[in-house]
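>
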Ligand code: GDP
Ligand code: GDP
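Residue numbers (this note's numbering): 78 to 513.
#1: Within the chosen definition, does the segment 319-335 reach the segment 399-411 through at least 3 CB pairs nearer than 8 Å?
#2: Using a Cβ-Cβ cut-off of 6 Å (strictly less than) and excluding sequence neighbours within five positions of residue 113, which residues of its own chain qualify?
#3: Is residue 427 a contact residue of ligand 1, with contact defined as CB to any heavy atom under 7 Å?
#4: Applying the 10 Å Cβ sphere with the 16-neighbour rule, what's the burial state of residue 186?
#5: Are residue 407 and residue 267 closer than 8 Å when you measure CB to CB?
#6: Indicate the three-state DSSP secondary structure (helix, strand or coil) for residue 432 in the structure shown.
#7: Using a threshold of 7 Å, is the CB atom of residue 199 nearer than that to any non-hydrogen atom of ligand 1?
#8: Just verifying my parser: in three-state terms, what is the DSSP assignment at residue 150?
#9: Give the C-beta separation of residue 481 and residue 455 to the nearest angstrom, bearing in mind that I take them to be a contact with Cβ-Cβ under 8 Å.
#10: State the Cα-Cα distance for the pair residue 237 and residue 133, rounded to the nearest angstrom.
#11: In chain order, what residues of the same chain lie with their CB nearer than 8 Å to the CB of residue 410, ignoring the 5 residues before and after it?
#12: Near residue 178, which residues of its chain fall below 8 Å by C-beta distance, leaving aside the five closest residues on each side in sequence?
#13: Using 8 Å as the threshold, is the C-beta distance between residue 505 and residue 469 below it?
#14: Under DSSP, the alpha helix (DSSP H) around residue 489 begins and ends at which residues?
#15: Let me check one thing: in DSSP terms, what residues is residue 295 bridge-paired to?
#16: Would you tell me roughly how many angstroms separate the C-alpha atoms of residue 137 and residue 118, rounded to the nearest one?
#17: Contact check, residue 443 vs residue 490 under 8 Å by CB: the rounded distance?
#18: What's the gap between the Cα of residue 227 and the Cα of residue 221?
#19: Using 7 Å as the cut-off, classify the Cβ of residue 121 as near or not near the heavy atoms of ligand 1, replying yes or no.
#20: Residue 254 and residue 277 look like a contact to me (Cβ under 8 Å); what is the Cβ gap, rounded to whole Å?
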């Protein structure tokens, strides 16, 4: 289920961000914004010819006040660590520079495939100049022009050929989940507390380096879980691991690999803007979600504290209205034993299949009692509904004209479907199709 990861590296100004935007196209699913940083998107889910993959612009990972060469070194190291395939970008305008050679030397250390893209080849005459870049030692350079979109198709063709072949095809029926949240909300404390209460399974599956910190455990009822660790939790050390952008990136990677995402909030500090970014990403990625309010022990409580907090969350995270909320303490272990059960429940809902017969009974009943919308005297007709996918549950509704489906009616239908079936904790998608 984990999509291949492609990382873009290279010295500043060669055009990494331009190429990133080009390759990500309109399919960007999240805008990650940190004030004061020139680039706001460094991570995107995209696809080429039916091959989905995730794209990282390492140039957007700002490593604080480090000197220039340290910055590009660390960005290249991040690429090696995170990616399955690396795009090494250079510029035909300046030719091979010392900084390019520095990046190359770091990339020699990995046996991951490196595709060399020579950017700014704006016209055919410049093509003759790309051969100088053979000296970098990464084989045939591919000429591209990020600003015009020239050559990106060839680049993408080459990249998808390098994708690992079914590397993730391990027999694994465990529920994959992660704790996501700002620094200090208590993610690593939760990880340790949960592992302390359950039987950890020593895995002999050889993972890739970046997956090696996943932990599997089993609860008393025999359910198996894989806890996907976000970097910075148990692997602190390298300079770049403490940078904000890198931790957001790791969080997004963890979300991509999870079935269930536990969005951790800090009861002591309340809700911050930053809490919403990764939660929004998890939602858009279609993952099942549990909202975990940690440090519940720190509050002086009365009989309204919990419902007040809950109301606040519902207000601030309106798009997560389906996500259950649990108030816990990693310190006192309050309600922590409930968490695996809850994760299992939302995971079951996330992979739930509803038979077409039962689904249509519900949908037909809804439209019989609630007239479908009209536009210019034309009424929406709904003929048939069927579930086409799980994780998240996705329904196709065959209609006379998809344009007639009103946002509010679709929302209403979703709510009715949610009322008829238990989809707590999972987003559901509804797609209208014209019946031929
Ligand atoms: P980064 O620092 O490597 O991410 O580089 P940017 O993507 O920010 O691009 C640096 C500069 O190169 C910008 O002024 C871009 O407009 C320019 N640039 C990017 N791609 C091309 C290209 O294909 N041709 C030309 N002529 N300029 C480009
Ligand atoms: P992370 O950065 O999200 O992984 O957060 P940590 O797990 O490192 O926790 C940050 C701080 O909060 C540490 O000092 C923990 O001891 C403390 N902490 C974590 N969970 C709780 C809790 O449930 N209650 C209290 N009072 N402190 C907690």
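Beta carbons are placed, not taken as given, at the ideal position from N, Cα and C, and that holds for glycine.
So, from the data block:
#1: no
#2: Within the chain shown, the letter at position 36 stands for residue 113. A caution first: residue 113 carries a pLDDT of 33, below 50, which makes its placement in the model unreliable, though a value can still be read off. Nothing meets the Cβ criterion.
#3: Mapped onto the chain shown, residue 427 falls at position 350. No.
#4: Looking up residue 186 in the chain shown gives position 109. Exposed is the call here.
#5: Residue numbering aside, residue 407 sits at position 330 when the chain shown is read from its first letter. Residue numbering aside, residue 267 sits at position 190 when the chain shown is read from its first letter. Cβ distance < 8 Å, so residue 407 and residue 267 count as in contact.
#6: Here residue 432 is taken as the residue at index 355 of the chain shown, counted from 1. Of the three classes helix, strand and coil, the one that applies to residue 432 here is coil, per DSSP.
#7: Walking along the chain shown from the start, residue 199 turns up at place 122. Residue 199 Cβ: within cutoff of ligand 1.
#8: On the chain shown, position 73 is the one that residue 150 refers to. Correct three-state label for residue 150: helix.
#9: As a first step, residue 481 must be located in the chain shown, where it is residue number 404. As a first step, residue 455 must be located in the chain shown, where it is residue number 378. With 8 Å as the limit, residue 481 and residue 455 qualify as a contact, their Cβ atoms being about 6 Å apart.
#10: Within the chain shown, residue 237 is the residue found at index 160, counting from 1. Within the chain shown, residue 133 is the residue found at index 56, counting from 1. Roughly 15 Å between the two C-alpha positions.
#11: What you label residue 410 is simply residue 333 of the chain shown in a count that begins at 1. For residue 410, where only same-chain residues beyond five positions count, the Cβ hits under 8 Å are 270, 274.
#12: Numbered from its first residue, the chain shown carries residue 178 at position 101. Once the five neighbours on either side are set aside, the close Cβ partners of residue 178 are 213.
#13: Stepping through the chain shown from its first residue, residue 505 is reached at position 428. Stepping through the chain shown from its first residue, residue 469 is reached at position 392. Against a cut-off of 8 Å, the Cβ pair of residue 469 and residue 505 comes out as a contact.
#14: On the chain shown, position 412 is the one that residue 489 refers to. 484-497 is the span of the alpha helix (DSSP H), which, as asked, contains residue 489.
#15: Start at 1 with the first residue of the chain shown, and residue 295 comes out as number 218. Looking at the DSSP assignment, residue 295 forms a beta bridge with 276, 301.
#16: Position 60 of the chain shown, counting from 1, holds the residue named residue 137. Position 41 of the chain shown, counting from 1, holds the residue named residue 118. If I take the Cα positions, the gap works out to 8 Å.
#17: Indexing the chain shown from 1 puts residue 443 at position 366. Indexing the chain shown from 1 puts residue 490 at position 413. So it is a contact: roughly 6 Å between Cβ atoms.
#18: Here residue 227 refers to the residue found at position 150 when the chain shown is read from its first residue. Here residue 221 refers to the residue found at position 144 when the chain shown is read from its first residue. Each residue's Cα considered, the two are about 5 Å apart.
#19: In the chain shown, counting from the first residue as 1, residue 121 sits at position 44. Residue 121: no, Cβ never under 7 Å from ligand 1.
#20: Counting from 1 along the chain shown, the entry for residue 254 is found at position 177. Counting from 1 along the chain shown, the entry for residue 277 is found at position 200. The pair is not a contact, with the Cβ atoms about 15 Å apart (cut-off 8 Å).
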